[in-house]
Structure formats: structure tokens, C-alpha cells
Ligand SMILES: O=C(O)CCC(=O)C(=O)O
Ligand SMILES: [Fe+2]
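Residue numbers (our numbering): 6 to 350.
Here's what the structure looks like:
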């Protein structure tokens with residue numbers, strides 16, 4: 006019933022906690038995969054409780070302040086919510102991203118993690134309102150350049166849903182890419198507000214009115230090839246949507262009076278310096294009294310640390326001196342440097 010949706014059946018199968026070929030190929034070929042059962046329910050529930058403890062209840066005056074992106078740093082990695090950090094660096098999530106990109110976890114870097122609320126609130130007068138989004142690709146806010154050739158993706162974007170669709174609606178919609186000649190996916194990707202000199206407008210109706218005035222052909226393209234072909238990601242609690250910097254997509258309106266909570270993440274391949282970390286660097290929080298980041302570094306696995314940019318065992322950074330110095334910094338937090346020591350040249 007309702008609008009065309011991503012095929013639910015494709016979303017189920019997980020082989021030993023890993024993505025199946027159908028999911029990997031869907032992401033690589035069509036630009037997205039919606040996956041259920043990837044992450045532990047109990048951890049997701051804790052994360053949701055942490056978020057509900059912070060965000061105002063729907064319908065309150067305080068909730069009216071949250072109609073744009075982000076958590077005001079509250080859930081930016083490293084967050085006070087340890088569930089948030091554990092989800093961000095969860096081995097199953099890292100493995101899924103590595104499998105999509107066809108690399109090892111050691112070749113990934115975390116470049117975004119934040120938990121965003123979205124309140125259902127009817128029409129808005131604000132061109133920047135985030136509820137009924139204009140269709141877009143995310144690359145302008147992540148990359149200094151343009152996404153690479155389709156078959157050489159360099160990043161994975163992720164939305165983890167902490168509600169059921171029926172409770173909130175507000176599904177993300179995606180436009181599946183149907184091969185290299187798909188008219189929805191011409192190059193360069195510039196037929197969108199905020200790119201190539203066009204003003205940034207987020208709200209769908211205002212964005213499309215703006216496009217119709219300033220780029221009528223692009224406005225026509227967007228109606229015919231993008232909005233007309235969007236598929237909604239009918240998520241449930243814990244579903245994970247994997248998509249790309251060059252996937253056309255948008256957030257759709259959340260049901261009036263509801264609060265949709267999602268964790269947004271991005272992982273990039275190493276060596277792609279034009280892809281920015283969206284937040285203050287991970288070290289910036291090390292001034293905090295809670296010493297959270299130091300603890301996280303000490304408690305993480307070698308691979309998880311690597312995803313944050315910590316040099317891997319065998320890297321030229323490591324000498325007997327640097328090893329002893331880093332150990333001195335993190336010894337109080339219980340770090341085990343033996344994998345780095347074992348790999349010293
Ligand atoms: O919230 C959503 O469902 C999608 C959000 C999105 O695409 C964005 O903010 O860039
Ligand atoms: Fe987006």
C-alpha cells in the first residue's frame with residue numbers, strides 16, 4: 006500500500022552477520038541497501054533511551070527548536086552515550102562498510118557520526134526546514150570535489166532508524182540507479198540546490214519553486230526522473246540504510262506529533278583527503294573532564310582505533326620510542342600495546 010518501497014524481502018538475509026551478495030550488489034549498482042538485523046537490539050534500545058532522555062518530547066515548545074540537522078554536539082562521536090559510541094564502532098557495521106567498499110576494515114575512516122531527531126510538524130515557512138526535504142545527493146557537504154566514477158565509490162553513508170515506520174513515517178526515499186545510462190544519474194551532479202552557484206534550499210516545495218525559477222530544465226528533470234522514481238525505505242526499529250554520496254535521496258515528512266530518531270554515519274576510504282570529517286576532530290574532546298576519548302582509544306580494538314586514524318601495527322610511525330610514548334599517554338586507561346610491539350620492524 007502507499008508509495009513504492011524498497012523491496013523488504015531483499016533486506017532480510019544476513020549470512021553470519023555479514024551482508025549478502027544481494028545487499029552488496031544493490032549498494033554498488035543501485036546506490037543503496039536497506040538491511041535489518043545487523044546490530045544488537047539491546048544496544049539500539051539503550052541508544053534510543055539515551056536519545057529520548059535528551060531530546061524534548063514532541064509537541065513541546067522545546068521541540069520546536071529542532072527543525073534542522075544535528076544534536077548540537079550531544080551525540081557527535083565521541084558521545085557521552087556509550088551506546089552511541091558502541092554502535093558507531095560496532096564490528097558488524099565496520100565489516101558491512103568494508104564489504105560494500107571491497108576493502109578491509111583497516112582501510113576505513115570514520116568521517117561522521119551523530120544522532121538526529123526529526124519532529125513531525127506540518128508545513129513550514131522556513132526554506133531551511135528539514136522535514137520534507139528536497140531530493141539531493143550528500144556529496145557537497147562531505148567532499149571538496151565531486152563523487153568519483155560510479156564503480157569506484159569512496160564512502161558509505163548510513164542511517165540507523167530507532168523507530169518503526171508505522172510509528173513515525175518519515176522514510177528516507179532513494180532513487181535506484183538502473184545502469185550507466187540511467188537518465189536520473191547524468192554527470193556532473195549539479196541539478197540541485199546548493200551546488201554550482203544555486204542557493205541552498207532544503208524544504209522540498211520551496212526548493213522546487215526556486216529551481217523552476219532559476220533552472221527550469223533541472224526542475225523538470227527533478228520531477229520526471231527523481232521524485233517520480235523515488236522508493237521509500239520502510240524501516241523498522243534497528244534497520245540500517247546504506248547509501249552513497251552520489252545516491253539521489255531525501256527525507257520525507259515525519260508524522261505530525263511523532264519524533265523519529267536516527268543515527269547518521271559516514272565511513273570513507275583511507276587516503277581520500279578531500280572527504281572531510283563533519284565534526285570537530287576526535288581529539289578535540291580530550292580536554293573533557295570525563296576522559297571519554299582516552300578511555301575509548303584504550304578500550305577499542307586495533308581495527309576500531311584504526312577507523313579513528315590511530316596508526317595500525319606495522320605503520321612507519323611506530324618506533325620503540327613512539328610506542329613507549331603512546332603507552333605512557335594511555336597506560337592509565339589500560340591500553341594493550343602488544344599488537345604494535347609485536348609488529349615493530
Ligand atoms: O532524514 C532522512 O531520512 C534523510 C536525511 C538526509 O538525507 C540528509 O539530511 O541529508
Ligand atoms: Fe541526505
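For every residue, glycine included, the Cβ atom is placed at its ideal position computed from N, Cα and C. None of the values given here were measured: they were computed from a predicted structure.
Thinking just about the alpha-carbon of each residue, which of 119, 260, 276 and 77 is nearest to the one in residue 162?
119
Can you tell me where the beta strand (DSSP E) with residue 164 in it begins and where it stops?
160-166
CB residue 266 to CB residue 45, shorter than 9 angstroms?
no
Please determine, among 264, 27 and 169, the residue with the shortest C-alpha to C-alpha distance to residue 62.
264
With 16 other Cβ atoms within 10 Å as the buried cut-off, status of residue 322:
exposed
In or out: residue 126 buried (at least 16 other Cβ within 10 Å) or exposed?
The residue in question, residue 126, is buried, as its Cβ has 16 or more Cβ neighbours within 10 Å.
CB of residue 96 within 9 angstroms of CB of residue 90, strictly
no
Is residue 113 buried or exposed, if buried means 16 or more other CB atoms sit within 10 Å of its CB?
buried
Out of 260, 64, 220 and 269, point me to the one whose CA is closest to residue 243's CA.
Out of 260, 64, 220 and 269, 269 has the C-alpha closest to the C-alpha of residue 243.
Between the C-alpha atoms of residue 137 and residue 232, what's the straight-line distance to the nearest angstrom?
Each residue's CA atom was taken as its position, placing residue 137 and residue 232 some 12 angstroms apart.
Backbone CA spacing between residue 94 and residue 306 [nearest angstrom]:
10 angstroms
Can you list the alpha helix (DSSP H) stretches of 4 or more residues lying completely in the stretch 305-334, in chain order?
Correct list: 307-312.
Alpha carbon to alpha carbon, how far is residue 216 from residue 195?
12 angstroms
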